[in-house]
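All remarks here apply to the structure that follows.
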Amino acid sequence: MVLSGFTRFRSQLVLGVLCIAWFCCSALIILWTKYLLSGGAIVPATRDQRPLFPFPLLITLSNNTGCALIGAGLVLGSWLRSNLHRGEPVPWSPPVRWPTGPRWWRFLVAIGACTALEIGCANWSLQKLTVAFSTLLKCTAPLFVLFWSILLGIELFSWVTLGSLFLMCMGAALMTTGDSLQFSIVGATVLLAGIALGGFRWALSQVILQRTVRDGSADPATKTAQQTRVDKRLTPLEAVVLLAPVTAFFLAPAVYLLELRPLWESLRGPSRETSEILAIFGSLAGIAGLVFVLLWLEYAIVQRTSSLAISVVSIMKELLTILAGMVTFGDHVGWRSFLGLALSQGGFLAFLRHRQGWLQRTPDTDAPSENSSVSQLVPTQPRDHLAPSEVIEASDEPHAVLLDVSMP
Numbered sequence: 486m487v488l489s490g491f492t493r494f495r496s497q498l499v500l501g502v503l504c505i506a507w508f509c510c511s512a513l514i515i516l517w518t519k520y521l522l523s524g525g526a527i528v529p530a531t532r533d534q535r536p537l538f539p540f541p542l543l544i545t546l547s548n549n550t551g552c553a554l555i556g557a558g559l560v561l562g563s564w565l566r567s568n569l570h571r572g573e574p575v576p577w578s579p580p581v582r583w584p585t586g587p588r589w590w591r592f593l594v595a596i597g598a599c600t601a602l603e604i605g606c607a608n609w610s611l612q613k614l615t616v617a618f619s620t621l622l623k624c625t626a627p628l629f630v631l632f633w634s635i636l637l638g639i640e641l642f643s644w645v646t647l648g649s650l651f652l653m654c655m656g657a658a659l660m661t662t663g664d665s666l667q668f669s670i671v672g673a674t675v676l677l678a679g680i681a682l683g684g685f686r687w688a689l690s691q692v693i694l695q696r697t698v699r700d701g702s703a704d705p706a707t708k709t710a711q712q713t714r715v716d717k718r719l720t721p722l723e724a725v726v727l728l729a730p731v732t733a734f735f736l737a738p739a740v741y742l743l744e745l746r747p748l749w750e751s752l753r754g755p756s757r758e759t760s761e762i763l764a765i766f767g768s769l770a771g772i773a774g775l776v777f778v779l780l781w782l783e784y785a786i787v788q789r790t791s792s793l794a795i796s797v798v799s800i801m802k803e804l805l806t807i808l809a810g811m812v813t814f815g816d817h818v819g820w821r822s823f824l825g826l827a828l829s830q831g832g833f834l835a836f837l838r839h840r841q842g843w844l845q846r847t848p849d850t851d852a853p854s855e856n857s858s859v860s861q862l863v864p865t866q867p868r869d870h871l872a873p874s875e876v877i878e879a880s881d882e883p884h885a886v887l888l889d890v891s892m893p
């Protein structure tokens, strides 16, 4: 009992550290990116007040390209480890497996394409919508994540969950909206489409990061085969290494169509100082490294909890950022902001209360047990009530597995 309590506490502590690191990394990336886009968010503005690098899609492409290069270095290190050291442990080179099979690549291509389209829709919609209204719409992300998760069979529908998400979305809407709700129908539609694609991306990410084994046989050999199949799921590091180049590939056409001409005009304009050029390239490299860490943290949190959980935490992060801005910069705080914060907190507490079953599960994702649930924040359910897509059979029949996993 004591050992179980210590293991549970350690798992919760690790999850808390991951969430705090994710929040800090995300905030630093936002500030650094804003510095590139405006030229004066972190350090004093340039003399001519020009934006330092006003190309958000190109920055995102640079981030994913940088992540792909870091991943290529890890793959090379893994190859050297397997060929030169013959299985001996090499601490500087974590193993990276390369999945085979068409079903794996369908998932990876779908996630990469959804990521690129989500980013493109969000950036394009900013030309039509205000930042406040864009934030309001982005707060509906958990509803889309819940929809896709139920559709894919990785979440169970619950009125309490749906109600708590609605409370959080309503609270966020009250905190972010102003007195005017004028907006572009086209811009709102495009942004909502991007948010829906983002929800689909997170649900698919949970599928490739999590597995549940059906205890269908007492045969030790069968259980060994089942355990082996479970261990072949992607790790967070492998997910980042594999998805970054796919996302960069799908982002390249958007950069070509939307930002190539402005970039060319900027290059033909007045020459920049050497310090500005160094600041641009140094910032792009630094942000790419932070994005790699951020993606790893996101996938690690999803693997330990669920895509729905991280979308809920994202809303709370946005609300805390807004609240900190109100306190720090002395923004006007009216009854609408207080009511919105209260509703959001109430919905968040209801969500945690309804999902308290996750505390009874040990989220050691590197060694999943036969009783582990699909998501740490999904209440434990009898195995007879599991959705078909939550289970991987021991059989090798194509219809018996959700993903055709075949990795060395």
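The sequence shown runs 486 to 893 under our numbering. Ideal Cβ positions, reconstructed from N, Cα and C, are used throughout, including at glycine.
Whose CA, out of G648, A827, L826, L782, lies closest to the CA of L500?
The shortest C-alpha separation from L500 is found at L782.
Meets three-Cβ-pair contact criterion under 8 angstroms: the segment 735-754 and the segment 591-609:
With the cut-off at 8 angstroms, the segment 735-754 and the segment 591-609 touch.
If we ignore side chains and look at the alpha-carbon of each, how far apart do M801 and S511 end up?
Whole-angstrom Cα-Cα distance: 13 angstroms.
From S567 to R718, what does the alpha carbon distance come to, in whole angstroms?
About 20 angstroms.
As assigned by DSSP and simplified to three states, the class of F540
It is coil, neither helix nor strand.
Can you grab the Cα-Cα spacing for the pair V798 / G831, in whole Å?
Each residue's alpha carbon lies about 14 angstroms from the other.
Under the three-state reduction of DSSP, which class applies to K613: helix, strand or coil?
If DSSP states are grouped into helix, strand and coil, K613 belongs with coil.
For L804, name the three-state secondary structure that DSSP assigns.
Reduced to three states, the DSSP call for L804 is helix.
Can you check the segment 585-643 for any alpha helix (DSSP H) of at least 4 residues that lies completely inside it and give the ranges in chain order?
Whole alpha helix (DSSP H) segments, 4+ residues: 587-610, 616-623, 626-637.
Can you tell me the Cα-Cα spacing of P747 and L834, whole angstroms?
Answer to the nearest angstrom: the Cα atoms are 46 angstroms apart.
Can you check which of these residues, V726, F735, S829, L769, is closest to L561 by C-alpha distance?
When each option's Cα is compared against that of L561, the closest is V726.
Are there three or more Cβ pairs, one per stretch, closer than 8 angstroms when the segment 790-797 is compared with the segment 625-635?
Yes, the segment 790-797 is in contact with the segment 625-635.
Whether W724 touches I680 by CB criterion (8 angstroms)
For the sequence presented, residue 724 should be read as Ala rather than Trp. Going by C-beta atoms, A724 is not nearer than 8 angstroms to I680.
Of the residues P755, C599, K623, V778, the one placed nearest S682, counting alpha carbons only
First, the residue type needs correcting, since residue 682 is Leu and not Ser in the sequence shown. From the listed residues P755, C599, K623, V778, the smallest Cα separation to L682 is found for C599.
8 angstroms CB neighbourhood of L676 in its chain, flanking five on each side removed:
Only C606, A607, S610, L614, S619, L622, K623 meet the Cβ criterion.
CA-to-CA distance, L659 to V776, given in whole angstroms:
Taking the Cα positions, V776 is about 30 angstroms away from L659.
Given a threshold of 16 other Cβ atoms within 10 Å of its Cβ, counted over all protein chains shown, does I596 qualify as buried or as exposed?
With 16 or more other Cβ atoms within 10 Å, it is buried.
Mind checking V671: buried by the 16 CB within 10 Å criterion, or exposed?
A residue is called buried when at least 16 other Cβ atoms come within 10 angstroms of its Cβ; V671 does not meet this threshold and is exposed.
Just reading off the alpha helix (DSSP H) that Q691 is part of, what are its end residues?
Here the alpha helix (DSSP H) through Q691 covers 670-694.
Answer yes or no: do V778 and Q691 have a C-beta to C-beta separation smaller than 8 angstroms?
Using a Cβ distance threshold of 8 angstroms, V778 and Q691 do not count as a contacting pair.
E761 - DSSP class collapsed to helix/strand/coil:
Correct three-state label for E761: helix.
Going by Cα to Cα distance, which pick from R757, E761, T720 is closest to R582?
Nearest C-alpha to R582 among R757, E761, T720: T720.
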